[in-house]
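Peer 1: Before I ask anything, let me first share the structure, which is written out below as structure tokens.
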Amino acid sequence: MASGNPFFDDLQSKPEVFDPPQNEDIMDCESVHDPIQAAIKPNVTVSGNVRELLECPVCLNAMYPPIHQCSNGHTLCSGCKPRVHNRCPTCRHELGNIRCLALEKIAASLELPCKYESFGCIGIYPYYSKLKHESQCSYRPYSCPYAGSECTVIGDIPYLVAHLKDDHKVDMHNGCTFNHRYVKSNPHEVENATWMLTVFSCFGQYFCLHFEAFQLGISPVYIAFLRFMGDDNEAKSYNYSLEVGGNGRKIIWQGVPRSIRDSHRKVRDSFDGLLIQRNMALFFSGGDRKELKLRVTGRIWKEQ
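Spelled out as structure tokens, the structure:
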């Protein structure tokens, strides 16, 4: 059915005119092949009105191709189109398969600052590359590494160190060696029990030592592991070792600390640390095996 608007009719009859990548790969578009767009891109000033045009009225996120529109010109993103059952959320007209090529081309001509500008990123990025950059931006804030609660605090490393000390009352230590004793009167209480988080300062960096109990299938186990308060590329510059033992036996673990970009649960569930089965832990504890008494020692060093 003709819309009464030759522009919309043309879009409906030629949907193949503009065919950008259909997934996250669209973020890799570093340039526009249209010479006119390439010429004007550096001089584009993004006003609040243009940003509003590129905001989906349903999810309120920035829209990326394919951007859909109804016959009255109202737009929404492709992700929200199924959610509104192919009805325009503004005027309730049927959406059909009309693409808003003009808005897609406007978006391709824009360059925007990173959303982490306030954290120090000074980069300006093409509209279709901005999301990919932001997902990897070295200035993006870190999540609080405390595992004992669902803490939603984010910030840079100095802020999180102060937050851990003041709000979570985490023990802070200077130095690259540690000797910790973990005592639990009832070792049968192991259902995802986070017992200890300690922060170490050495080499001008901060490290989080975790120790906890959790269920591995039907078997209770204990795990100790180290996380680096920084990005993964920096974490790989360090190594650490953990040792636990008793009664003339010991277990030693050596590894690379994981970045706090990886969640506590992700590291724990990958078993990337010193794992101790409960029977062995109670054997190390000595006595009547009814109380957990583990001494974990370790050190951190930097690869040359």
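Residue numbering for the sequence shown follows this note's numbering, beginning at 119 and increasing consecutively.
Note that CB positions come from ideal geometry on N, CA and C, so glycine has one too.
#1: So what does DSSP say about arginine 379, is it helix, strand or coil?
#2: Among Arg299, Ala220 and Tyr260, whose alpha-carbon lies nearest the alpha-carbon of histidine 423?
#3: Could you please give me the residues that DSSP links to isoleucine 394 through a beta bridge?
#4: Beta-carbon of glycine 373 versus every beta-carbon of chain C: anything under 8 Å?
#5: Drop a sphere of 10 angstroms on the beta-carbon of cysteine 209, count the other beta-carbons inside from all chains shown, and report buried for 16 or more, exposed for fewer.
#6: Write down the C-beta distance between arginine 413 and asparagine 304 rounded to the nearest angstrom, noting that I regard them as a contact closer than 8 Å.
#7: Kindly indicate which three-state DSSP category serine 403 falls into: helix, strand or coil?
#8: How many whole angstroms separate the CB atoms of threonine 193 and cysteine 218, which I take to be in contact at a CB cut-off of 8 Å?
#9: For glutamate 352, does the three-state DSSP call read helix, strand or coil?
#10: Which ranges would you report for the alpha helix (DSSP H) in the stretch 261-332 if only whole runs of at least 4 residues count?
#11: Give the C-beta separation of arginine 417 and serine 359 to the nearest angstrom, bearing in mind that I take them to be a contact with Cβ-Cβ under 8 Å.
#12: Report the partner residues of isoleucine 369 according to the DSSP bridge assignment.
#13: If we count the other Cβ atoms within 10 Å of its Cβ and call it buried at 16 or more, is arginine 299 buried or exposed?
#14: Lysine 411 by DSSP, collapsed to three states: which one?
#15: Residues in the same chain with beta-carbon distance under 6 Å from isoleucine 369, minus the five sequence neighbours each way, listed in chain order, please.
Peer 2: A quick look at the data gives this:
#1: coil
#2: With the chain represented from 119 up to 422, any question about residue 423 goes unanswered, as that position is not in the structure.
#3: Tyr340
#4: The structure shown contains no chain C, having only a single protein chain.
#5: Around the beta carbon of cysteine 209, fewer than 16 other beta carbons lie within 10 angstroms, which makes this residue exposed.
#6: Actually they are not in contact, since the Cβ atoms of arginine 413 and asparagine 304 sit about 19 Å apart, beyond 8 Å.
#7: DSSP places serine 403 in helix when its eight states are reduced to three.
#8: 5 Å
#9: Three-state result, glutamate 352: helix.
#10: 275-284
#11: With a contact defined as Cβ atoms closer than 8 Å, arginine 417 and serine 359 qualify at about 6 Å.
#12: Val362
#13: By the neighbour-count criterion, in which 16 or more other beta carbons inside 10 Å mark a residue as buried, arginine 299 falls on the exposed side.
#14: Lysine 411 falls in the strand class under three-state DSSP.
#15: Val362
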